[in-house]
Structure formats: structure tokens, C-alpha cells
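Under the working numbering, think of the first position of the sequence shown as 70, with each following residue one higher.
Here the structure is laid out as C-alpha cells; the discussion comes afterwards.
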Amino acid sequence: MFWNTKIECMPSEELRSLQYRELKSLVNNLYSFNKFYHDRMKAENVHPDDIACLADISKLPFMYKQDLRDNYPTNMFTASNSEVVRYHVSSGTTGKPTLVGYTRNDLGYWTEALARSLTSVGIGSDDTMQVSYGYGLFTGGLGLHYGAEKVGATVLPAGTGSTERQIELIKDLGVTAIACTPSYLVHIGDVAKKMGIDIRRDTKLRKAVLGAEPWSDNMRKHIEETMGVRAYDIYGTSEMAGPMFTECEERNGIHMAGDIVYCEIIDPDSGEVLEEGQKGELVVTMLKKEAMPMIRYRIKDITSIDNEECPCGRTSPRISRISGRSDDMLIIRGINVFPSQIEYTLLRIPQLAGHYMIIVTREGALDRMVIQVEIKEEAFSDKIEDMNKLRAYVEAELKKYLNIAAEVELKAPGELPRFESKAKRVIDKRVF
Ligand code: DLL
Numbered sequence: 070m071f072w073n074t075k076i077e078c079m080p081s082e083e084l085r086s087l088q089y090r091e092l093k094s095l096v097n098n099l100y101s102f103n104k105f106y107h108d109r110m111k112a113e114n115v116h117p118d119d120i121a122c123l124a125d126i127s128k129l130p131f132m133y134k135q136d137l138r139d140n141y142p143t144n145m146f147t148a149s150n151s152e153v154v155r156y157h158v159s160s161g162t163t164g165k166p167t168l169v170g171y172t173r174n175d176l177g178y179w180t181e182a183l184a185r186s187l188t189s190v191g192i193g194s195d196d197t198m199q200v201s202y203g204y205g206l207f208t209g210g211l212g213l214h215y216g217a218e219k220v221g222a223t224v225l226p227a228g229t230g231s232t233e234r235q236i237e238l239i240k241d242l243g244v245t246a247i248a249c250t251p252s253y254l255v256h257i258g259d260v261a262k263k264m265g266i267d268i269r270r271d272t273k274l275r276k277a278v279l280g281a282e283p284w285s286d287n288m289r290k291h292i293e294e295t296m297g298v299r300a301y302d303i304y305g306t307s308e309m310a311g312p313m314f315t316e317c318e319e320r321n322g323i324h325m326a327g328d329i330v331y332c333e334i335i336d337p338d339s340g341e342v343l344e345e346g347q348k349g350e351l352v353v354t355m356l357k358k359e360a361m362p363m364i365r366y367r368i369k370d371i372t373s374i375d376n377e378e379c380p381c382g383r384t385s386p387r388i389s390r391i392s393g394r395s396d397d398m399l400i401i402r403g404i405n406v407f408p409s410q411i412e413y414t415l416l417r418i419p420q421l422a423g424h425y426m427i428i429v430t431r432e433g434a435l436d437r438m439v440i441q442v443e444i445k446e447e448a449f450s451d452k453i454e455d456m457n458k459l460r461a462y463v464e465a466e467l468k469k470y471l472n473i474a475a476e477v478e479l480k481a482p483g484e485l486p487r488f489e490s491k492a493k494r495v496i497d498k499r500v501f
């Protein structure tokens, strides 16, 4: 099912020439009318005339989150206050927040992107969709709300929190689809079980649109097997607009609508553009943004790109699931490891539940990593030797697949923190 067949299935050649035209006019406009972009291009000795084909985009300078911070709140805006109709604010972990502004058209194509995405996973007017992302400054709630309304779904704006009430609503209102973080859905599953509600048997919930944090294929399997819900990955960042793009039914990568965004993958160290299929840092150019343009914005998420037409018929490039952020990568005694790889390895082990924490400390010159992970109710045993055996097995698996020595602490069901919005599973206490 397509929302906008003409664009979604546009022949690749045509799509690329559309992208080039959009890029060219964007660069011309910004060079002429925007001080930030003009100065940045001048400093790098690039002129709009140097952009003679799509690949020439690599001549343009990168943009960084720091640019948004330095120009906080509105110095990078290219629309006047009377044209801006919405703000969202991303809190971030350090420094000033970043402010994102939207014109009416910006809200329009954001919603269009979500309408295409939801349609591609089979969510439409027959669905009742519970939006359990945060509403407010975070983009998740309002973004999915508008997208779901656009496709005609009945929207339940649940937001985060009051989990028991959310579960009652899922049951009472016949909710068929939910949008939330993967970690929150796992929590919903656990709480439902405690309430004596079997999501698969007692509710109509069948689809979940999960994102805003990295999650692994094994987390997907865990969710699908325990709850009977088909889970789809949704991706986006507040600088792009918010949540925007999902996998289709094929689930072989996230479709990055080519008329809205142009994606590149670069080597994080050298900044060189990498070949299709190679893993690196995602760089996006938003082709339609009005209030706050983004050219070659370095998101820092690690992924790869696939330009092959998808069996679903869509021609937009696809990115592989995000393996983490380049700045979230842990270096433990010289070995690079992403938290999502740890998750993947843990959730291969059937006795373990989807709740874990990674704690890194430094003792003397040595890094120490402790992984706390909950055991499933049915796998929990009072016998110390059983638990020791399982612990040793988990440690050996981590060593085998990731080549890291980690100490594992097994936790009883319910012992570790639960997250309603983005999970914060890594505590790195090292001082660099
Ligand atoms: O998290 C937007 C969003 C809301 C996406 C709801 C999906 C669903 P930010 O708060 O700006 O925006 O955070 C963006 O979150 O750079 C990634 O590191 C991470 N992220 C978002 N979606 C995924 C995903 C929203 N599907 C940052 N897989 C991004 C992995 C994700 N990481």
C-alpha cells in the first residue's frame, strides 16, 4: 500500500534529477539570502555554481549540532516569526538545547512523510493508534499524532506514563497499533503481565512503530514473541523535523523519502563520502525545509545506505538500522563496542529479558564493564549454582561475539530501571 505512489515509486533516475533540482535551488537561495550559509560557503571557497551534479554536494561544508547551539535560539532561521508556526526543543545531554522551528509547509511535509511511512506498514483508517511518545517539546508525540490522523487512524494521544491506565485503554478501546520507544513497549508488556493481561490474547494490539533510541533485531524478536505484536523501526531526529521514516513490510531498511531528504554516509574521521553498503556516519540534507534548512548535517548516527529498489516497489534509498551514535560508541580497553551490539548478544539468550544496564568504570588504568541484566520470570531460580552457570554462559557469549570481557550481574525481574521515554542504559563513570 502506498500513500503517494507517484513519488514513492518514481524511477531512480527521475528521483535523482528531482533531488538535484531541489538541491540547486536550496543552495542558491541560502547563498544569496542566509548569512550563516553564505559565510560558511565563502570560508570553504564554494560557490553555488560549483554544484553541477548531485555528487557535487560533497563540496559543501558540513553542519554540526554545535552550529545550532552557537546560533541559539533563532539565528539560523530562514523564516520570519510570522511564518513560523511551531517550535520543538531537543534537550540534549550537554550545553544549550537546540530549537527547531517549522513553517506551515514544514509541518505539511513532515506529516506527509509520516503518512507514507504509516501506510507502508499497513496502518490506516481501520486502525486505532495509541501514541505513547512524549507530547510537548519532544517531537515524537505530536509528530506521530499528526501522521496517524492524516492516514485516518483514530488517535489516542496517551503520551508517556500511567502505564496501567495505558494498558486498560489498549484493551477497552481495541487499540490495534502503538507508537512508543522499544524499551517502553517492553515495560508495557511486563506491566500487562502483572495485571494478568496477555497482550496477544486479551487485546487487539498487532503493530508497533518503535524508535527514538537504538534497538536490535533481537529486541524486535523478543517483543514479537512475548507480545504477538509486529514491530517496525521508525527513525528521525528533531533537526530533520522529528520521527519521519520507517521500514516497509519487507523490513529491510528504513525508506528515506528521496524528495524530502538526501542522505550520504561518510567516514566519521576523514569526512570522505563512503560507497553504498559501507557503514559510517549519516549526513542529511533536507530538501524542503523552510524555517531551518539543513545542508550536510552530521547526525552522528552509524548506518549504511542501499540504493537498490526495494521489493515493495519503493525506489527511495534505504538506510540500515542504526547501530548507534558515533559518540555513543564505548571504547573498552581499546575495543570498540556499541551498546546495541551488547543488547543483540544478550537477547540471543532465551533466559534473559529485555532490561539491561551497562556500567563502565576505570580502576587504575583498566576499564571495567559491568553488565546488569534481568532474567525472565520463568528462568529465575533460587539455586545459586544454576544462576552462576547462566552468568558464566552470558559472560562467555559476550566474549565470543564482541571480544569483550565484561562482568555480568543477573538481576531478578523488575530490579532494573524502566524508561518511559528514551532509555539511558549506559552509565560511563570514567573521567577522560
Ligand atoms: O528521537 C525523533 C523520533 C521520535 C524518532 C520518535 C523516532 C520516534 P531526537 O530526540 O532529536 O529525535 O533524537 C534523535 O535519536 O540521532 C538517533 O541517535 C536516535 N534515534 C531515533 N530513532 C532511532 C531509531 C527523535 N529508530 C536521535 N534507531 C537520533 C536508533 C534512533 N536510534
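Note that the Cβ used here is the ideal one computed from N, Cα and C, for glycine as well.
The structure displayed is predicted, hence computed values, not measured ones.
CB residue i to CB residue j, shorter than 8 Å?
i: GLN441; j: LYS480; result: yes
i: ASP336; j: GLY349; result: yes
i: GLY210; j: GLU489; result: no
i: ILE374; j: ILE334; result: yes
i: SER160; j: PRO283; result: no
i: ILE427; j: VAL500; result: no
i: SER225; j: THR197; result: The question names Ser, yet the displayed sequence has Leu at residue 225. In contact: LEU225 and THR197 (Cβ atoms closer than 8 Å).
i: THR245; j: LEU274; result: yes
i: ASN140; j: PHE102; result: no
i: GLU443; j: GLU484; result: yes
i: GLY170; j: THR143; result: yes
i: LYS369; j: ASP338; result: no
i: ILE236; j: ILE266; result: yes
i: LEU416; j: LYS445; result: no
i: ALA360; j: THR147; result: yes
i: ASP346; j: GLY212; result: The sequence as given places Gly at residue 346; Asp does not occur at that position. Result no, Cβ atoms of GLY346 and GLY212 do not sit closer than 8 Å.
i: CYS381; j: GLU318; result: yes
i: GLU466; j: ILE418; result: yes
Rounded C-beta distance between residue i and residue j? I'm assuming under 8 Å.
i: ARG269; j: MET296; result: 6 Å
i: ILE388; j: LEU351; result: 7 Å
i: THR354; j: MET79; result: Rounded, the Cβ-Cβ distance is 18 Å, inconsistent with contact.
i: THR315; j: TYR301; result: 5 Å
i: GLN199; j: ILE120; result: GLN199 to ILE120, Cβ: 44 Å. No contact.
i: GLU152; j: THR167; result: Not really, about 20 Å apart at Cβ, beyond 8 Å.
i: GLY228; j: LEU187; result: About 19 Å separates the two Cβ atoms, so there is no contact after all.
i: TYR366; j: MET132; result: 5 Å
i: LYS240; j: LEU183; result: With a Cβ gap of about 26 Å, LYS240 and LEU183 do not count as contacting.
i: SER252; j: GLU412; result: SER252 to GLU412, Cβ: 10 Å. No contact.
Tell me the DSSP bridge mates of residue i?
i: PHE131; result: Beta-bridge pairing links PHE131 to no other residue.
i: GLN199; result: LEU225, ILE247
i: ASP497; result: VAL429
i: HIS324; result: ARG387
i: SER159; result: THR167
i: GLU333; result: VAL352
i: LEU421; result: ILE444
i: ARG394; result: ASP370
i: ASP375; result: ARG387
i: ILE126; result: The partner list for ILE126 (beta bridge, DSSP) is empty, contrary to what the question assumes.
i: ILE400; result: ASN405
i: VAL342; result: ILE335
Indicate, with yes or no, if the ligand DLL has a heavy atom lying under 7 Å from the CB of residue i.
i: THR64; result: Here the chain comprises residues numbered 70 to 501, so residue 64 is not present and cannot be evaluated.
i: PHE207; result: yes
i: THR306; result: yes
i: TYR366; result: no
i: GLU282; result: yes
i: ILE391; result: yes
i: PRO312; result: yes
i: TYR178; result: no
i: ILE335; result: no
i: ILE404; result: no
i: VAL388; result: Note that residue 388 is Ile in the sequence shown here, rather than Val. No, the Cβ of ILE388 stays beyond 7 Å of every heavy atom of the ligand DLL.
i: ASP125; result: no
i: ARG320; result: no
i: ASP302; result: yes
i: ARG394; result: yes
i: TYR202; result: yes
i: ASP370; result: yes
i: SER159; result: yes
| said: Suppose only complete runs of 3+ residues qualify. What are the beta strand (DSSP E) ranges in the region 423-493, listed by chain order? | reply: 435-444, 476-480
Handout entry: Contained beta strand (DSSP E) runs [length at least 3] in the region 244-321, N- to C-terminal order
Key = 246-249, 276-280, 299-306, 311-315
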